[in-house]
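Enquirer: First, the structure itself, so that you have it in front of you.
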Amino acid sequence: SEDQTELTSSGPCCSSATGAAAVLTAGNGGRTDTRAGKARHQIAHVVDDAIDESAAKDRIAGAMATVITALGEDVQREGLKKTPTRFAQALLDFTQGYRSTPAEVFGDAAFNEDHHEPVILKDIEFFSLCEHHMVPFFGKCSISYVPNGRVVGLSKLAKVVDLFAKRLQVQERLTAQVARAVREEIGARGVAVYVEAQHLCMIMRGVQKSDARTVTTCMEGVYRDDAEMRAEFLALVKQ
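Note that the sequence shown covers residues 1 to 239 in this note's numbering.
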């Protein structure tokens, strides 16, 4: 929109700000940034030891029962008696992305193909949990990659968005993780990711701005180096 503000910083591929429609984009201009290595580590992050989901469910349910009681409610009344267990199962479902990796998502779904022009998958819906307040943010993600002789099954792009969305997140990190995972797993010449989302932490509490949108982008490879390609990608995803 005409009132969008475009920002540039020295971060690895994206920066952070929130506004009525703030557009966040950045490149490192070839400079080394220790944050890039940290972000790459976060891409592959999985809970080191496979959790015992039954034990985790019991612990979460016990903690939620304590929270409900602290609010002054009777956790034993009919409407709330099973709520701690329901909440525990829901939270494990919402965060199942910790128990998988990009390599598992992509598997062997990349194929040799003599195609070297951008491939764009638009408007992938996602839901995630803000790590600051543990309330949802949700929106759509668009991904473009420039093949280097190999293409990938389109469903894998949607699945890698879900992989990172189903963790405790901030939108800026989610955007960067998706971009880097796609590039690293399929060896793309370039990847561009555009995410637009609404955050319930801004709608239900605090400033309570129900129409606010946050937009983040991350550009890797040829998209970071070529301004014309970036412009074409942004024009296409905003159509």
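For each residue, glycine too, the CB sits at the ideal point set by N, CA and C. All figures in this text were calculated on a predicted structure; none of them were measured in a lab.
#1: Which residues does DSSP list as the beta-bridge partners of Gln198?
#2: What runs of the alpha helix (DSSP H), each 4 residues or longer, lie entirely inside the region 151-186?
#3: Could you have a look at Met64 and say whether DSSP puts it in helix, strand or coil?
#4: Hey, is the region 222-234 in contact with the region 205-212, meaning 3+ C-beta pairs nearer than 8 Å?
#5: Can Lys156 and Ala109 be called in contact, C-beta distance under 8 Å?
#6: Near Val161, which residues of its chain fall below 7 Å by C-beta distance, leaving aside the five closest residues on each side in sequence?
#7: Note down, in chain order, each residue of its chain lying with its Cβ closer than 7 Å to the Cβ of Arg150, except the 5 sequence neighbours on either side.
#8: Please say whether Thr95 and Ala61 have beta carbons closer to each other than 8 Å?
#9: Should Cys130 and Gln169 be called a contact, given that it needs their Cβ atoms to be closer than 8 Å?
#10: Determine the burial state of Val146: buried for a count of at least 16 other Cβ atoms within 10 Å of its Cβ, exposed for fewer.
Expert: In short:
#1: Looking at the DSSP output, Gln198 shares a beta bridge with Phe138.
#2: 154-165, 171-186
#3: Correct three-state label for Met64: helix.
#4: No, they do not touch.
#5: Contact: yes.
#6: Ile124, Phe126, Cys141, Val178
#7: Ala110, Phe111, Asn112, Glu113, Ile186, Gly187
#8: no
#9: Yes. Within cutoff.
#10: buried
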